[in-house]
Amino acid sequence: MSEYVTNVNERHGSFAKGLFCKECGKSFPLSMSNACDECFAPLEVRYDETRVENALNRKSISGGPSSIWRYWPLLPVNPESGMAGLNPGFTPLRNCRNLAEEIGVKELFIKDDTVNPTYSFKDRPVAVSIPKILEFGLAGVGCASTGNLAGATAAAAARYRIPCYVIVPSDTDHAKILSALAYGAKVISVEGTYDDANRISNLVTDRLNVGFVNINLRPYYVEGSKTLSMEVVEQLGWEEPDRIIVPVGSGALLTAVNKGFGEFRQYGISEGNCIISGAQPSGCATVADAYARGDNVIRPVLKPATIAESLAIGNPASGPEALSVIRNTGGFADAPSDEEIIEGQMLLARKEGIFSEPAGGTVIASLKRKVEDGTISRDERVVCLITGNGLKTPSHLTGSVVGSTYEVKSEIESVLPIFGRNAIRV
Ligand SMILES: Cc1ncc(COP(=O)(O)O)c(C=O)c1O
Ligand SMILES: [Zn+2]
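The sequence shown begins at 5 in this note's numbering and counts up one residue at a time.
Put into structure tokens, the structure is as follows:
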């Protein structure tokens with residue numbers, strides 16, 4: 005471990021030098037602010053360039069831990085306190101030839117974040133935010149969640165022995181609420197949408213001495229997620245793909261993916277101009293609708309209606325920024341229907357053995373639609389981010405898989421006479 009913590013900045017335990025406004029560039033100390041007091045634009049973490057240059061190169065990364073902490077010079081916490089957590093990341097990048105052939109694209113890679121400690125990419129932003137909360141001396145951690153963040157925050161809080169409060173809409177998948185409870189969190193379920201849960205969380209944040217990972221810790225939270233694109237580049241042999249398709253809820257993940265590519269370019273780790281595209285369900289197509297209208301204004305969706313609950317964020321905090329990243333990189337924002345999302349989930353499961361939640365089905369459905377309509381060229385190398393595991397959200401698939409159970413039943417029944425009795429019940 006010691007080789008990773010040499011030279012860390014004594015004051016902050018990292019090479020982070022401050023928070024900076026993404027619009028006007030105004031600088032702020034590394035505090036719990038998330039918006040500029042001049043222009044209200046979001047803030048981001050920036051690093052001491054000389055220190056990062058001295059510590060970060062392909063060799064130092066390759067020799068690092070098998071987790072997000074291999075990129076520690078570009079993360080805003082002391083790696084030693086970070087590594088006391090659940091160490092998510094460095095998940096497989098799977099070369100998916102079966103699905104590439106089925107969809108008709110030259111090369112398709114799935115970044116498989118279904119295998120993180122709590123089975124979604126949310127373990128990444130949480131791994132960075134909780135050590136930051138401890139650094140700020142706060143008494144506990146919280147989040148507003150569509151489900152996955154609840155489990156990720158609760159599990160990491162258990163590991164760090166701090167109380168955890170999660171606020172979720174009441175129709176959140178049962179398995180997601182149960183796992184957060186199992187990890188010991190206090191779960192507050194709100195009769196309403198994610199946006200209602202988010203509003204309540206903002207009020208709680210102001211009154212309690214608690215750090216809400218996706219609210220007042222948001223600039224640090226995003227830093228964890230950017231490791232997804234850094235890993236993709238590293239796993240492709242230090243090359244960016246031609247295109248990456250990202251599921252969009254609040255839009256934070258998509259902006260983080262952009263920051264990850266950008267910082268690797270800035271420090272000479274890799275180069276490229278990856279096209280970043282976004283996928284949302286048609287029942288909550290905030291960014292995709294603005295993209296289709298050719299407009300910069302995101303119109304909130306008051307009552308999202310989709311099986312892709314983890315993406316059901318009607319008023320996306322990072323929506324405008326996600327939209328501008330998509331436009332600047334030449335990407336698309338697409339919004340398949342729930343039927344197409346289920347088809348996408350089934351394709352991924354049956355062609356590649358990866359069981360994703362509907363967020364993953366949304367990405368695969370967009371890939372299919374956009375290859376079919378010619379937006380994605382058939383000779384591209386595409387990466388799809390599959391960010392959550394299907395085992396937490398099985399209920400809506402019942403109709404799609406039950407039929408096949410019966411087919412199997414009749415096939416198996418035909419061989420049962422070999423046993424001379426009814427040995428198997430299907
Ligand atoms: C599995 C999964 N994928 C993607 C997202 C979207 O991330 P963001 O809200 O940062 O856009 C979420 C958000 O909860 C999620 O749970
Ligand atoms: Zn500003």
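Glycine residues also receive a C-beta, built at the ideal position from the N, C-alpha and C atoms.
Coil, strand or helix - Y247 by DSSP: A small fix is needed here, since residue 247 is Arg in this sequence, not Tyr. The answer is strand: DSSP assigns R247 an E or B state.
Sufficient close CB pairs (3 or more, under 8 angstroms) joining the segment 194-203 to the segment 222-235: no
Per-residue DSSP class, three states only, for K230: coil
Runs of beta strand (DSSP E) lying entirely within the segment 173-226, each at least 3 residues, in chain order: 190-194 and 214-216
Alpha-carbon spacing of A312 relative to V375, whole angstroms: 22 angstroms
Cut-off 6 angstroms between Cβ atoms - residues of its own chain near Y123, not counting five sequence neighbours on either side: N393
Limits of the unbroken beta strand (DSSP E) element including N99: L97 to N99
L351 vs G364 beta-carbon contact at 8 angstroms: no
Ligand 1 heavy atom lying under 7 angstroms from the CB of N38: no
Exposure of C43, with buried meaning 16 or more beta-carbon neighbours within 10 Å: exposed
E27: CB within 7 angstroms of a non-hydrogen atom of ligand 2: yes
Cβ distance (whole Å) where T432 is taken to contact E356 below 8 angstroms: Residue 432 cannot be examined here, being either before or after the span of the chain that is shown, 5 to 430.
Ranges of the beta strand (DSSP E) found wholly within the segment 332-420, counting only runs of at least 3: 385-390
With 16 other Cβ atoms within 10 Å as the buried cut-off, status of K180: buried
Neighbour-count burial assignment, P33, 16 or more Cβ in a 10 Å radius: exposed
Span separating the alpha-carbon of G17 from that of R269: 24 angstroms
Three-state secondary structure assigned by DSSP to F32: strand
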